[in-house]
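Each protein sequence line maps, in turn, to chains A and B. The first sequence runs 48 to 158 under my numbering. The second sequence runs -10 to 104 under my numbering. Here a beta-carbon is modelled for each residue, glycine too, at the ideal position from N, C-alpha and C. Some notes on the structure that comes next.
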Amino acid sequence: KQEVTQIPAALSVPEGENLVLNCSFTDSAIYNLQWFRQDPGKGLTSLLLIQSSQREQTSGRLNASLDKSSGRSTLYIAASQPGDSATYLCAVHNYGQNFVFGPGTRLSVLP
Amino acid sequence: KAGVTQTPRYLIKTRGQQVTLSCSPISGHRSVSWYQQTPGQGLQFLFEYFSETQRNKGNFPGRFSGRQFSNSRSEMNVSTLELGDSALYLCASSSFPGLVTYEQYFGPGTRLTVT
């Protein structure tokens, strides 16, 4: 059974800092991994999708990497802004199964 | 292209009642998944439908049920509501499950409060 964890659970940084969010999963036979952000009380916004054959994906100030062998993915946010404050979730997709979500990292970027 | 829509956005029900939530996926998407999100349990998978057939089901009691129509719209129903059913119910839309490019797009959610 796939289990997904995220470290840290919460993070507070000053504006402008570069930061890394971590996602770990127990079953490395994944199809893909997706990163989302969620604002309080709202739905999830897709940030990046990494296919199992890919090592990383980039979108603007965001870069996500995937290391299947070690069961890890990281989300790198460059030059953080207050508007980046949200909860970030990773979701892992195994063949024939549903997406399994991590508990999320709550990020606060202070002006 | 319009995004995923969910109705209603907010709902207040009493214990013992039943409720039906609706989700309209992105045009052209044939897969709809439902999730329950609570502060204590996080995001938990309820079920997934593709072409009107349930593909996967999470570990929820039989009070939770769903269906999908020929136009890909989906409904979920919760009968005999309990206080613990209070949650944000999220619907996700995607194209074809089982592909490495399988990506989920979420709606804004329905906030259900059971009193």
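According to DSSP, what are the bridge partners of residue i?
| i | result |
| --- | --- |
| residue 121 of chain A | A:69 and A:112 |
| residue 55 of chain B | B:65 |
| residue 2 of chain B | B:103 |
| residue 45 of chain B | B:37 |
| residue 103 of chain A | A:112 |
| residue 57 of chain A | A:153 |
| residue 144 of chain A | Partner(s): none; residue 144 of chain A has no beta bridge. |
| residue 91 of chain A | A:85 |
Compare the C-beta of residue i with all C-beta atoms of chain A and state if any pair is closer than 7 angstroms.
| i | result |
| --- | --- |
| residue 45 of chain B | yes |
| residue 32 of chain B | yes |
| residue 79 of chain B | yes |
| residue 96 of chain B | yes |
| residue 64 of chain B | no |
| residue 37 of chain B | yes |
| residue 92 of chain B | yes |
How would you write the range of the beta strand (DSSP E) that residue i sits in, first residue to last?
| i | result |
| --- | --- |
| residue 81 of chain B | 76 to 83 |
| residue 134 of chain A | 133 to 141 |
| residue 31 of chain B | 31 to 39 |
| residue 84 of chain A | 77 to 85 |
| residue 91 of chain B | Run containing residue 91 of chain B: none; DSSP gives neither H nor E here. |
| residue 25 of chain B | 20 to 27 |
Take the Cβ of residue i as the centre, count every other Cβ of all protein chains shown within 10 Å, and call the residue buried at 16 or more, exposed below.
| i | result |
| --- | --- |
| residue 133 of chain A | buried |
| residue 114 of chain A | exposed |
| residue 77 of chain B | buried |
| residue 72 of chain B | exposed |
| residue 145 of chain A | buried |
| residue -4 of chain B | exposed |
| residue 128 of chain A | exposed |
| residue 55 of chain A | exposed |
Looking at chain B, is there any beta carbon in it that lies within less than 7 angstroms of the beta carbon of residue i?
| i | result |
| --- | --- |
| residue 107 of chain A | no |
| residue 141 of chain A | no |
| residue 87 of chain A | no |
| residue 158 of chain A | no |
| residue 69 of chain A | no |
| residue 65 of chain A | no |
| residue 90 of chain A | yes |
| residue 61 of chain A | no |
| residue 72 of chain A | no |
| residue 96 of chain A | yes |
| residue 145 of chain A | yes |
| residue 55 of chain A | no |
| residue 150 of chain A | yes |
For residue i, does the three-state DSSP call read helix, strand or coil?
| i | result |
| --- | --- |
| residue 14 of chain B | coil |
| residue 150 of chain A | coil |
| residue 129 of chain A | helix |
| residue 70 of chain B | coil |
| residue 7 of chain B | coil |
| residue -7 of chain B | coil |
| residue 49 of chain A | coil |
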